[in-house]
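Protein chains in written order, with UniProt numbering: chain A, 1 to 192; chain B, 1 to 220. The next block holds one structure in the form of structure tokens; read it before the comments.
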């Protein structure tokens, strides 16, 4: 896996005229994982978007090396297309083979249009998209939402494998995520 | 490059007439319906019809370009596609440029084709028909570019964005209509050349203006 790190220094985030959090710093290297914890609306998703470079921090800096993959509540798969073709589009963009279709139990669903998939099935489909990207830094926003216990265990397993291969994972979740090396960052401590 | 091709393939699959059920056919049917209804409304006077028919074809082409605007960017922004493209280093400018091509391909050539039966309905033929077709060839890329820019600027507006987009396109399209449809009455190549020039400027601007607008609505 390519060399990777992500470092945020003194980041603050503002939504409208409300300062969500300030003075937040974090640094992660290969094989490290971090869980962002905090109540709804505290700014976990906003921080994720800042870390991903999709939104600008109100102040502070984010520095990263290595490509990023983001999993959030939107699967970014074409609703009207069968799942196989919707994933195929990202495969053409990312290059390379399909990964994890069988493991995620998506094989029987490949002919089903994405709009007919359940919440948990969508989440698993989005995970397949994430795996196919082969990015060293994973940003997972509520990755366990809507998943059954079997799939939860599978996600924890996938993240553990990703870390042992030298990847980085940042997980925003209010649920417990079983992973021995996981450190926790409570956003509540940085509320402005 | 392969990413651009993958984008184009996806865009064409979503925008070309006949894709995704009937919605994509609507602009063309609308275009033909206007041309068909016009003779009924104006009466069977052949000179009047032939004299004004070209202008009606142009207005119908403009409306056909406006109809798909709400489908151009809003669904992709909502589905998080633009975030995923940005993470992969595909700039908004590239995505918008590819979509401009797909948007034009999904109505430009078809409007030119449908202009043949429409011309027959209003009694345009010969040299005038040639000017209509050349004018559409020169003008529709500009109409597509205006549509792309407006759709990108209004993409962040909740509700009513589509109606506002339609209203905003119309004043911007006036220069294209003046020179494009105007070439019919003067019969000159000058009008066509000016139409093509305006189109070129708009097409060159659209990816940057549209890309900046989409980035702004994502970061906001």
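Each residue gets a CB set at the ideal place from its N, CA and C atoms; glycine is no exception.
Start-to-end residues for the beta strand (DSSP E) that takes in residue i
{"i": "residue 5 of chain A", "result": "5 to 15"}
{"i": "residue 21 of chain A", "result": "18 to 28"}
{"i": "residue 64 of chain A", "result": "59 to 65"}
Reference residue i, options the options, closest by Cα
{"i": "residue 65 of chain A", "options": "A:35, A:53 and A:72", "result": "A:53"}
{"i": "residue 9 of chain B", "options": "A:69, A:73, A:93 and A:42", "result": "A:93"}
{"i": "residue 5 of chain B", "options": "B:180, B:94, B:112 and B:129", "result": "B:94"}
{"i": "residue 149 of chain B", "options": "B:42, B:70, B:197 and B:177", "result": "B:70"}
{"i": "residue 12 of chain A", "options": "A:69, A:99, A:185 and A:61", "result": "A:61"}
{"i": "residue 156 of chain B", "options": "B:137, B:214 and B:205", "result": "B:214"}
{"i": "residue 142 of chain A", "options": "A:104, A:2, A:39 and A:107", "result": "A:39"}
{"i": "residue 64 of chain B", "options": "B:209, B:3, B:194 and B:173", "result": "B:173"}
{"i": "residue 75 of chain A", "options": "A:44, A:50 and A:123", "result": "A:123"}
{"i": "residue 195 of chain B", "options": "B:87, B:78, B:219 and B:131", "result": "B:131"}
{"i": "residue 33 of chain B", "options": "B:198, B:208, B:183 and B:117", "result": "B:117"}
{"i": "residue 151 of chain A", "options": "A:45, A:35 and A:121", "result": "A:121"}
{"i": "residue 51 of chain B", "options": "B:217, B:206, B:216 and B:184", "result": "B:184"}
{"i": "residue 95 of chain A", "options": "B:197, B:75 and B:88", "result": "B:88"}
{"i": "residue 198 of chain B", "options": "B:216, B:178, B:217 and B:186", "result": "B:178"}
{"i": "residue 76 of chain B", "options": "B:7, B:31 and B:44", "result": "B:7"}
{"i": "residue 44 of chain A", "options": "A:91, A:104 and A:140", "result": "A:140"}
{"i": "residue 50 of chain A", "options": "B:12, B:86 and B:11", "result": "B:86"}
{"i": "residue 49 of chain B", "options": "B:119, B:1, B:26 and B:115", "result": "B:119"}
{"i": "residue 81 of chain A", "options": "B:13, B:1 and B:217", "result": "B:13"}
8 Å Cβ cutoff met for residue i and residue j
{"i": "residue 28 of chain B", "j": "residue 110 of chain B", "result": "yes"}
{"i": "residue 227 of chain B", "j": "residue 135 of chain B", "result": "Limits of chain B in this structure are 1 at one end and 220 at the other, which puts residue 227 of chain B out of reach."}
{"i": "residue 101 of chain A", "j": "residue 128 of chain A", "result": "yes"}
{"i": "residue 86 of chain A", "j": "residue 112 of chain A", "result": "no"}
{"i": "residue 147 of chain B", "j": "residue 57 of chain B", "result": "no"}
{"i": "residue 190 of chain A", "j": "residue 23 of chain A", "result": "yes"}
{"i": "residue 163 of chain A", "j": "residue 33 of chain A", "result": "yes"}
{"i": "residue 137 of chain A", "j": "residue 77 of chain A", "result": "no"}
{"i": "residue 141 of chain B", "j": "residue 108 of chain B", "result": "yes"}
{"i": "residue 192 of chain A", "j": "residue 19 of chain A", "result": "yes"}
{"i": "residue 31 of chain A", "j": "residue 166 of chain A", "result": "yes"}
{"i": "residue 145 of chain B", "j": "residue 203 of chain B", "result": "yes"}
{"i": "residue 151 of chain B", "j": "residue 208 of chain B", "result": "no"}
{"i": "residue 100 of chain B", "j": "residue 206 of chain B", "result": "yes"}
{"i": "residue 172 of chain A", "j": "residue 36 of chain A", "result": "yes"}
Terminal residues of the alpha helix (DSSP H) in which residue i lies
{"i": "residue 215 of chain B", "result": "189 to 219"}
{"i": "residue 24 of chain B", "result": "Premise fails: residue 24 of chain B is in no alpha helix (DSSP H) and is neither H nor E."}
{"i": "residue 14 of chain B", "result": "2 to 15"}
{"i": "residue 94 of chain A", "result": "83 to 94"}
{"i": "residue 178 of chain B", "result": "161 to 186"}
{"i": "residue 113 of chain B", "result": "92 to 122"}
Min CB distance residue i to chain E below 8 Å
{"i": "residue 177 of chain A", "result": "The structure shown has no chain E; the protein chains it does contain are A and B."}
Cα-Cα separation between residue i and residue j, rounded to whole angstroms
{"i": "residue 187 of chain A", "j": "residue 89 of chain A", "result": "36 Å"}
{"i": "residue 19 of chain B", "j": "residue 21 of chain A", "result": "46 Å"}
{"i": "residue 48 of chain A", "j": "residue 83 of chain A", "result": "26 Å"}
{"i": "residue 178 of chain A", "j": "residue 170 of chain A", "result": "14 Å"}
{"i": "residue 109 of chain A", "j": "residue 73 of chain A", "result": "20 Å"}
{"i": "residue 125 of chain A", "j": "residue 42 of chain B", "result": "56 Å"}
{"i": "residue 84 of chain B", "j": "residue 70 of chain A", "result": "7 Å"}
{"i": "residue 133 of chain B", "j": "residue 190 of chain B", "result": "15 Å"}
{"i": "residue 97 of chain A", "j": "residue 134 of chain A", "result": "10 Å"}
{"i": "residue 41 of chain A", "j": "residue 174 of chain A", "result": "11 Å"}
{"i": "residue 97 of chain B", "j": "residue 35 of chain B", "result": "31 Å"}
{"i": "residue 62 of chain B", "j": "residue 106 of chain B", "result": "14 Å"}
{"i": "residue 6 of chain A", "j": "residue 153 of chain A", "result": "26 Å"}
{"i": "residue 9 of chain A", "j": "residue 138 of chain B", "result": "52 Å"}
{"i": "residue 39 of chain B", "j": "residue 121 of chain B", "result": "7 Å"}
{"i": "residue 53 of chain B", "j": "residue 37 of chain B", "result": "11 Å"}
{"i": "residue 1 of chain A", "j": "residue 3 of chain B", "result": "22 Å"}
{"i": "residue 116 of chain A", "j": "residue 106 of chain A", "result": "13 Å"}
{"i": "residue 29 of chain A", "j": "residue 4 of chain A", "result": "7 Å"}
{"i": "residue 58 of chain A", "j": "residue 155 of chain A", "result": "32 Å"}
{"i": "residue 119 of chain A", "j": "residue 144 of chain A", "result": "11 Å"}
{"i": "residue 79 of chain A", "j": "residue 99 of chain A", "result": "21 Å"}
{"i": "residue 131 of chain A", "j": "residue 171 of chain B", "result": "47 Å"}
{"i": "residue 24 of chain B", "j": "residue 17 of chain B", "result": "5 Å"}
{"i": "residue 192 of chain B", "j": "residue 11 of chain B", "result": "29 Å"}
{"i": "residue 164 of chain B", "j": "residue 55 of chain B", "result": "24 Å"}
{"i": "residue 158 of chain A", "j": "residue 182 of chain A", "result": "14 Å"}
{"i": "residue 63 of chain A", "j": "residue 79 of chain B", "result": "27 Å"}
{"i": "residue 154 of chain B", "j": "residue 182 of chain B", "result": "30 Å"}
{"i": "residue 148 of chain A", "j": "residue 103 of chain A", "result": "15 Å"}
{"i": "residue 162 of chain B", "j": "residue 31 of chain B", "result": "19 Å"}
{"i": "residue 180 of chain A", "j": "residue 217 of chain B", "result": "39 Å"}
{"i": "residue 176 of chain A", "j": "residue 91 of chain A", "result": "31 Å"}
Cβ separation of residue i and residue j, assumed to be a contact under 8 Å, to the nearest whole Å
{"i": "residue 176 of chain B", "j": "residue 143 of chain B", "result": "6 Å"}
{"i": "residue 46 of chain B", "j": "residue 123 of chain B", "result": "5 Å"}
{"i": "residue 103 of chain B", "j": "residue 200 of chain B", "result": "No, residue 103 of chain B and residue 200 of chain B are not in contact; Cβ-Cβ is about 16 Å, not under 8 Å."}
{"i": "residue 91 of chain B", "j": "residue 210 of chain B", "result": "Contact flag wrong, Cβ pair sits at about 11 Å."}
Residue i: CB within 7 Å of a non-hydrogen atom of the ligand PLP
{"i": "residue 101 of chain A", "result": "Ligands are entirely absent from the displayed structure, and the ligand PLP is therefore not among its contents."}
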